[in-house]
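Novice: In the numbering used here, the protein residues as written are 85 to 412.
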Amino acid sequence: MIFTCRNCGGNVVFSPEKQKMYCPYCEGEDCEESTVKPTTVTQCSNCGGEIQINEYTSSSKCSYCGQHIVFDERVTGAYEPQLILPFKIGKEDAKKLMRDTFSKKIFAPDSFLSEVKLNSMEGMYVPFWLYDYDTNYDYEGKGTKVRVWRSGNTEYTETSYYTIQRNMDVAFDKVPVDASFALNDEIMDLMEPYKYGELIDFSPKYMSGFFGEIYNDTADNLESRAKQKAENDAEGLLKSSISGYTTVTPIRKNLRMQKKGTHYTLFPVWLYMYTYRGKTYRYHVNGQTGKVIGTVPVSVAKVCAYGATLAASFATIGLLVRTILEIL
Ligand SMILES: [Zn+2]
Ligand SMILES: [Zn+2]
């Protein structure tokens, strides 16, 4: 599926800045016509060039003519997402966020934040499974409170024992787990939180202009991570409800979880890959909130240059002093 402009025939993309479909050729807005051309998944329906895709690619860009293509068979049927968070952060904003975050890191290589390099950033819709749970946490523990006081020469210790009982019903709404093998789970977790209020029903038009992937594994196979997240959160809620005791010893912990549903969803992420001295560094900008994740590569040349600058100024000071002495 390609989105073409009904005014000029150009390739219409989703604009994060305008929150509309946009034709960069005639600057038309909401002027898209979707064209489904019979095509093989690896061939550009515009120029016939071969498109590099892998088994999970659902939308891509032709490297010959720049046409954005959404692969119908990978956004329909079993692969049709229920929800999507359309990009809110455009490419220029994503580049600025990278610069704002890393420009003060003086040891970064010069090219790291160069215009040319940052232009290689690509927006990508990452597949996620969102899980809903109803949970019940039945807990019993023994708590103690210790009071110590002194009267005359005698120190008294009083220990009071309490039975702590909690029965909590917690409904978890949309616990996110990324469904892309290529992306690091921990990094995707750091991308959170996404603002769920802006989730909308899926439409393939939001993918025009961006790369996309189908889920790499099923909701069932990836569920253990969601359960673990929900369990940790339930444990946190329980802990925050128990305070004021000197010691707490659990006697019974019974956490029951019932899955209420799953939602196949696409989340927006800007990706920046930077290779330095044979190592590839990956940076991610949350395409909705602008949160930046990644650590800066340290340039060996920069570290040396910095040291060299310091040595040079010492030398200058030495020379100045000597000059003054000579005048005297
Ligand atoms: Zn146009
Ligand atoms: Zn093409």
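The beta-carbon is built from N, C-alpha and C at its ideal position, and this holds for glycine as well.
1. Between the C-alpha atoms of Y356 and M85, what's the straight-line distance to the nearest angstrom?
2. So is the beta-carbon of C92 under 6 angstroms away from any non-hydrogen atom of ligand 1?
3. Which word fits Q151, buried or exposed, when buried means at least 16 other C-beta atoms lie within 10 angstroms of its C-beta?
4. Locate the beta strand (DSSP E) running through A178, then write down its first and last residues.
5. Use the C-beta contact count for Y278: other C-beta atoms within 10 angstroms, 16 or more gives buried, fewer gives exposed.
6. Thinking G161 and P100 are a contact (beta carbons under 8 angstroms), I'd like their distance in whole angstroms, please.
7. According to the Cβ coordinates, are W213 and L283 closer than 7 angstroms?
8. Considering only residues of the same chain and omitting the five flanking positions on each side of Y290, which have a CB-CB separation below 7 angstroms?
9. Which value, in whole angstroms, describes the spacing of the CA atoms of V369 and M182?
10. Given a threshold of 16 other Cβ atoms within 10 Å of its Cβ, counted over all protein chains shown, does E258 qualify as buried or as exposed?
11. What's the gap between the Cα of V96 and the Cα of Q103?
12. Helix, strand or coil for G93 per DSSP?
13. Which class does G345 belong to by DSSP, given the choice of helix, strand or coil?
14. Following the continuous beta strand (DSSP E) through M105, name the residue where it begins and the one where it ends.
15. So is E199 buried or exposed if we call it buried at 16+ other beta carbons inside 10 Å?
16. Ordered along the chain, which non-local residues of its own chain (more than five positions away) have a Cβ less than 6 angstroms from that of T119?
17. Which of the three DSSP states, helix, strand or coil, is assigned to F87?
18. Indicate whether Y209 and F294 have their beta-carbon atoms separated by less than 7 angstroms.
19. Within this structure, are the beta carbons of V230 and T238 separated by less than 7 angstroms?
20. What residue range does the alpha helix (DSSP H) around K323 cover?
21. By Cβ distance below 7 angstroms, which residues in the same chain neighbour Y280 in space, the five residues on each side in sequence not counted?
22. Looking at ligand 1, does it come within less than 6 angstroms of G374, judged from the CB to the closest heavy atom?
Specialist: By the coordinates alone:
1. Rounded to the nearest angstrom, the gap between the Cα atoms of Y356 and M85 is 26 angstroms.
2. yes
3. The C-beta of Q151 has 16 or more other C-beta atoms within 10 Å across all chains shown, which makes the residue buried.
4. If you look at A178, you'll find it isn't in any beta strand (DSSP E); it sits in the alpha helix (DSSP H) that goes K175 to F186.
5. buried
6. Going by Cβ atoms, the distance from G161 to P100 rounds to 28 angstroms, so no, they are not a contact pair.
7. At the C-beta level, W213 and L283 stay beyond 7 angstroms of one another.
8. Same-chain partners within the cutoff: F98, I168 and P170.
9. 8 angstroms
10. Note on residue identity: the sequence assigns Lys, not Glu, to residue 258. By the 10 Å Cβ count, K258 comes out buried.
11. 13 angstroms
12. G93 falls in the coil class under three-state DSSP.
13. DSSP places G345 in strand when its eight states are reduced to three.
14. K104 to Y106
15. exposed
16. I86 and T88
17. Three-state DSSP puts F87 in a strand.
18. yes
19. no
20. E307 to S325
21. K258
22. no
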